[in-house]
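**Student:**
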Amino acid sequence: MGPDFRFILRVLGSHKWLIAAIVVVLTGLSALGVSTLKDQYTSEALLLVDNRQVRVVREVEQVVGAIPTEDAAILSEIEILKSPQVLNQVVNDLQLAQHPEFNPPAQEDETLPLVERAVAYGRDLAGRFWEGSPPAPVAWLLSHGDEVAQDIRAREAHAALGNDQIIARIHRKLDVAIVGRSRVIQVRFTSKEPQLSRDVVDGIVRRYMETRQQMDRDLSTSAISWLQDRIVLLRKEVAEADAKVEEARVKGGLLKGGTGLMAQNELEQTRLRLSEASAIRARSVAQADTLERNLKAGNWNAIGGSIASPVVAQLRATVAAISTEMAQLSRQYGPKHPRIVELQGRLNEANSSLQQEIRREINGVREAAQVAVEQETALRSMITRMEGSYATMQEQAIPLRTLESEATAKRQLLDSLLGRLEEVEAQKDSRAFPAAVKLVSAPQVPHEPSGPFRVLLLLAGFVAALALAIFSVFGLELLQRRIHTPDAVRRILGVGTVHIVPHHSDRGAKGRLYKIFQRHPFSLFSESLRALFRNHLSDLGPVGALAVTSARPQDGKTSLTLAVAQVASQAGRRVVVVDTDFRRSRMEGLFDLSTKKGLSDWIAGDATLDEIVHTSDDVPFAMVPAGKLNPMTLDRFNVDSLVQLMAGLSPSFDLVVFDTAPALAVSDARIVCGAASKVLFVTRWGHTTASDLDAVADLGPIDHSKFVCVMTDVNLKKAASKGYQGPYNSYVATRKYYGDQTLRAAP
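Laid out in structure tokens, this is it:
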């Protein structure tokens with residue numbers, strides 16, 4: 000389901016003045032705050048992190064070093080830029096401890112911090128009340144307050160000794176970041192003074208470069224010392240390793256490039272020949288085995304196809320040609336023809352020659368396979384003899400190779416350290432090894448302020464005020480959850496229709512709808528009451544009972560009860576209104592019936608029906624007041640008593656209208672609704688809440704056959720202007736129709 004735009008527009012329209020007031024006030028406060036802001040100036044410098052270094056120590060190795068592509072190296076430089084060591088030097092160089100922007104003068108305070116003053120005031124009060132001997136809890140609180148005040152004093156004294164707070168202020172205004180995906184670092188600082196912003200950036204960059212160079216020099220010095228010690232030790236180890244190698248060669252009779260190396264090469268070549276002979280033997284034996292199987296099976300065609308011999312190929316072609324010619328002539332002349340007999344003789348001769356040639360080839364393959372086997376056997380014997388002959392030589396060569404490898408590794412390490420020593424010694428000279436971080440753009444004194452952006456801030460304040468106002472009115476709307484549409488009543492209670500009774504204001508008749516009906520019989524309000532009676536209440540029969548109830552007080556239940564009684568009376572019905580709201584009766588005050596006997600007296604047996612029915616010159620219907628409240632009345636008030644009451648009133652009246660208590664307040668209303676023929680449930684527009692209706696629905700199932708829901712006091716003009724869903728859009732037409740003054744006057 001999509002958003003209900005009509006609901007959104009309705010809520011915004013109904014609270015437009017509240018939204019406007021909030022927006023105006025908050026925007027004005029934003030404008031006031033923005034006007035007090037001072038101009039800010041930003042200066043910046045650009046640094047390039049580039050470790051490409053030209054090595055000029057060795058003439059034959061002028062190369063360019065690798066560029067670190069990882070972001071970790073650049074982020075490390077940023078942390079050095081913002082380090083306390085660099086910023087402390089800047090604070091001391093520029094004397095920022097005396098600058099008002101970083102160390103504002105202390106406010107003229109009467110004496111002490113707030114906590115200390117509060118503790119002193121508490122001690123004064125304790126001395127007045129308890130004369131110097133306060134209770135233990137109070138004394139503990141005062142002692143704890145003294146400890147807190149001492150901690151604050153200690154922190155302030157510690158902060159005054161260093162530049163921690165000034166560095167913290169610099170950090171808040173300092174912006175050090177990587178420019179895009181490059182190796183360029185941007186250093187920016189914002190201050191109220193243009194010159195100060197430039198001086199701070201320049202000081203940070205200068206001190207950072209000095210710190211970076213000093214770090215490189217210290218690293219080079221320690222590296223040189225370590226390399227020199229390590230080179231001396233390696234030279235001794237290389238000399239000892241060379242001596243051991245020579246000693247092992249002399250002892251084993253092994254010379255570089257001598258018989259040992261030649262024997263090893265010969266053995267390797269023999270092993271290679273053995274591998275080739277094994278492959279030839281495997282192929283020859285496999286071919287011989289295949290030919291033997293085909294020969295035993297008599298499969299001459301398969302044998303001939305596997306032998307790569309030109310003679311066999313020629314004989315096979317001859318056999319194929321003779322067979323083809325015989326097949327063609329056999330279809331023409333038959334098998335006894337002389338030509339066929341001649342060809343058959345030639346074919347037999349060719350097959351015999353082919354078989355003889357194949358047998359010769361097979362014998363040749365067998366001989367080749369036997370030769371390959373014998374050659375492989377001979378090579379294996381040779382390798383066995385060579386391995387036995389050179390076993391001793393191999394055992395002596397293994398330690399020699401180990402010693403040679405160790406000596407070579409130490410010699411390579413020594414050469415590497417010697418080259419590194421030359422490079423590190425040259426790093427002390429910045430001309431040979433320039434700094435890895437270079438200043439690309441020096442800071443300048445800004446001429447135009449970089450902020451604040453007052454227009455944007457004011458616009459942001461306006462947008463924030465508007466958003467806050469909208470959220471406020473929607474929150475207010477959701478918290479209230481007032482019922483403004485018949486759809487809400489139908490959705491919660493599950494009723495089919497909801498009758499609308501419009502609002503009608505008339506001076507002197509506030510809360511007395513029956514008087515409005517009397518004075519304005521042709522108004523829209525009067526017509527809605529007539530429609531209510533005709534559509535829903537006219538089918539009660541000769542003697543009917545109507546219960547009028549609501550969810551909560553102040554919903555207009557009593558006023559609608561009297562108005563319905565007025566309409567029914569003018570329609571010719573004999574009507575009596577029975578007030579069953581024993582706790583808060585309004586009818587007694589409206590018609591001055593407080594001293595008269597009422598329903599409670601009849602239930603208690605202290606009065607007859609004739610004594611409790613009263614009339615008034617102001618209304619055409621009779622009334623039964625609630626009477627005095629007592630526990631006996633509440634205990635005996637039930638459906639049976641109401642049925643007995645209606646039976647006693649039926650000879651004199653056609654319609655009994657019960658004015659009940661609110662349904663959510665007490666259970667009396669449910670008793671009356673159970674005995675009545677129709678139930679008129681009253682909701683007040685903009686007053687009854689959805690929670691009230693949910694609570695009514697939770698009381699139990701609603702008998703829709705006798706349940707009539709009415710929404711009273713509906714301000715059609717406001718509902719139509721705010722876009723509420725319901726029968727409100729026709730208000731303009733109905734207003735013009737009922738606004739005719741000639742129709743409003745009574746005849």
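At the far end of the sequence shown sits residue 746, using numbering that gives the first Met the number 0, and the numbering has no gaps.
Note that CB positions come from ideal geometry on N, CA and C, so glycine has one too.
Quantities reported herein were computed from a predicted structural model and do not represent experimental measurements.
1. Tell me whether Asp617 sits in a helix, a strand or coil according to DSSP, three-state version.
2. Tell me which residues share the same chain as Ala406 and place their Cβ nearer than 7 Å to its Cβ, disregarding the 5 neighbours each side in the sequence.
3. Count the other CB atoms within 10 Å of the CB of Val204; is the residue buried (16 or more) or exposed (fewer)?
4. Could you tell me the boundaries of the alpha helix (DSSP H) in which Glu43 lies?
5. Is DSSP giving Arg359 helix, strand or coil here?
6. DSSP state of Lys677, grouped into three classes?
7. Since Leu654 is in the beta strand (DSSP E), which residue starts that stretch and which ends it?
8. Pull up the DSSP beta-bridge partners for Leu173, would you.
9. Work out the CA separation of Leu641 and Leu528 for me, nearest whole Å.
10. If you draw a straight line from the C-alpha of Arg206 to the C-alpha of Ile223, how long is it?
11. Which residue wins for smallest C-alpha separation from Ile77, given the options Arg229, Val436 and Gln369?
12. Between which two residues does the beta strand (DSSP E) containing Val436 stretch?
13. Take the Cβ of Gly64 as the centre, count every other Cβ of all protein chains shown within 10 Å, and call the residue buried at 16 or more, exposed below.
14. Please state whether the Cβ-Cβ distance between Pro624 and Met586 is less than 8 Å.
15. Taking all protein chains shown into account, do 16 or more other C-beta atoms lie within 10 angstroms of the C-beta of Gln748, making it buried, or fewer, making it exposed?
16. Going along the chain, which residues of its own chain have a beta-carbon closer than 7 Å to the beta-carbon of Val462, five neighbours each way excluded?
17. List, from N- to C-terminal side, the beta strand (DSSP E) runs of 3 residues or more that fit wholly inside the stretch 531-563.
18. May I have the straight-line CA-CA distance separating Gln374 from Glu348, to the nearest angstrom?
19. Give me, in chain order, the residues of the same chain whose beta-carbon lies closer than 6 Å to that of Asn714; leave out the 5 immediate sequence neighbours on both sides.
20. My assumption, with CB atoms under 8 Å, is that Val750 sits in contact with Leu679. Please give the rounded CB distance.
21. Should Leu592 go down as buried or exposed, given a rule of 16 or more other Cβ atoms within 10 Å for buried?
22. Which residues in the same chain have their Cβ closer than 6 Å to the Cβ of Val747, if we skip the five residues on either side of it in sequence?
23. Using three-state DSSP, classify Gly474 as helix, strand or coil.
24. Taking 6 Å as the limit between beta carbons, can you name the residues of its chain near Leu698, skipping five residues before and five after?
25. Please return the same chain residues whose Cβ sits closer than 7 Å to the Cβ of Ile279, not counting the five positions on each side in sequence.
26. Compare the Cα-Cα distances from Ala546 to each of Val563, Asn534, Gln369 and Arg533 and report the closest residue.
27. With a CB to CB cut of under 7 Å and the five nearest residues on each side skipped, what residues in its chain are close to Arg584?
28. For Gly321, which residues of its own chain have a beta-carbon under 7 Å away from its beta-carbon, when the five flanking residues on both sides are left out?
29. To the nearest angstrom, report how far apart His143 and Ile169 are at their CA atoms.
30. If you compare alpha carbons, which of Gln149, Leu95 and Leu536 is closest to Gln164?
31. State the DSSP-derived secondary structure class of His502, mapped to helix, strand or coil.
32. Among Asp691, Lys409 and Ala675, which one has its Cα closest to the Cα of Leu663?
33. Residues bridged to Phe706 by DSSP?
34. If the criterion is Cβ atoms closer than 8 Å, does the pair Val575 and Phe620 meet it?
35. Specify whether the stretch 181-193 and the stretch 111-125 touch according to this definition: at least 3 beta carbon pairs, one from each stretch, less than 8 Å apart.
36. Run through the DSSP bridge pairs and tell me what Met622 is partnered with.
**Tutor:** Taking the geometry as given:
1. Note: Asp617 maps to coil in three-state DSSP.
2. The residues are Val237, Ala240, Asp241 and Val244.
3. Counting the other Cβ atoms within 10 Å of the Cβ of Val204 gives 16 or more, which makes it buried.
4. For Glu43, there is no enclosing alpha helix (DSSP H); the residue is found in the beta strand (DSSP E) stretching over Tyr40 to Val48.
5. Residue state for Arg359 is assigned as helix, using DSSP reduced to three classes.
6. Here Lys677 carries a strand assignment [DSSP, helix/strand/coil].
7. DSSP places Leu654 inside the beta strand (DSSP E), whose first and last residues are Leu654 to Asp658.
8. Here Leu173 is bridged, per DSSP, to Phe188.
9. C-alpha separation (whole angstroms): 26 Å.
10. Taken atom to atom, the span from the alpha-carbon of Arg206 to that of Ile223 is near 26 Å.
11. With distances taken between Cα atoms, Ile77 lies closest to Val436.
12. Its beta strand (DSSP E) spans residues Val436 to Ser440.
13. Residue confidence for Gly64 is low, a pLDDT of 40 falling below 50, so the modelled location carries little weight; the figure read from the coordinates is stated next. By the neighbour-count definition (other C-beta atoms within 10 Å, threshold 16), Gly64 is an exposed residue.
14. Going by C-beta atoms, Pro624 is nearer than 8 Å to Met586.
15. With the chain represented from 0 up to 746, any question about residue 748 goes unanswered, as that position is not in the structure.
16. The answer is none, since no qualifying residue turns up.
17. Within the stretch 531-563, the complete beta strand (DSSP E) runs of at least 3 residues fall at 543-549.
18. Roughly 39 Å separates the two Cα atoms.
19. For Asn714, where only same-chain residues beyond five positions count, the Cβ hits under 6 Å are His502.
20. Coverage of the chain is limited to positions 0 through 746, which leaves residue 750 absent and any answer about it impossible.
21. Buried.
22. Because residue 747 is not part of the residues shown, which for the chain are 0 to 746, the question remains open.
23. Three-state DSSP puts Gly474 in a helix.
24. Here the set comprises nothing.
25. Once the five neighbours on either side are set aside, the close Cβ partners of Ile279 are Ala371.
26. Nearest of Val563, Asn534, Gln369 and Arg533 to Ala546, Cα basis: Val563.
27. This sequence places Ser at residue 584; Arg is not what is there. Excluding residues within five positions, the ones whose Cβ falls inside 7 Å are Asp578, Pro624 and Ala625.
28. Here residue 321 is Ile; the residue named in the question, Gly, does not match the sequence. Excluding five sequence positions before and after Ile321, the CB atoms of its chain that fall closer than 7 Å to its own CB belong to Leu342, Arg345, Leu346 and Ala349, given in chain order.
29. Rounded to whole angstroms, His143 to Ile169 spans 35 Å at the Cα level.
30. For Gln164, the closest C-alpha among the options Gln149, Leu95 and Leu536 is that of Leu95.
31. In the three-state reduction of the DSSP assignment, His502 falls in the coil class, being assigned neither a helical nor a strand state.
32. Checking every option, the nearest Cα to that of Leu663 belongs to Asp691.
33. According to DSSP, which records beta bridges pairwise, Phe706 is partnered with Val678.
34. In this structure, the beta-carbon distance from Val575 to Phe620 falls below 8 Å.
35. With a cut-off of 8 Å, the stretch 111-125 and the stretch 181-193 do not count as touching, because too few Cβ pairs lie within range.
36. Beta-bridge pairing links Met622 to Val576 and His613.
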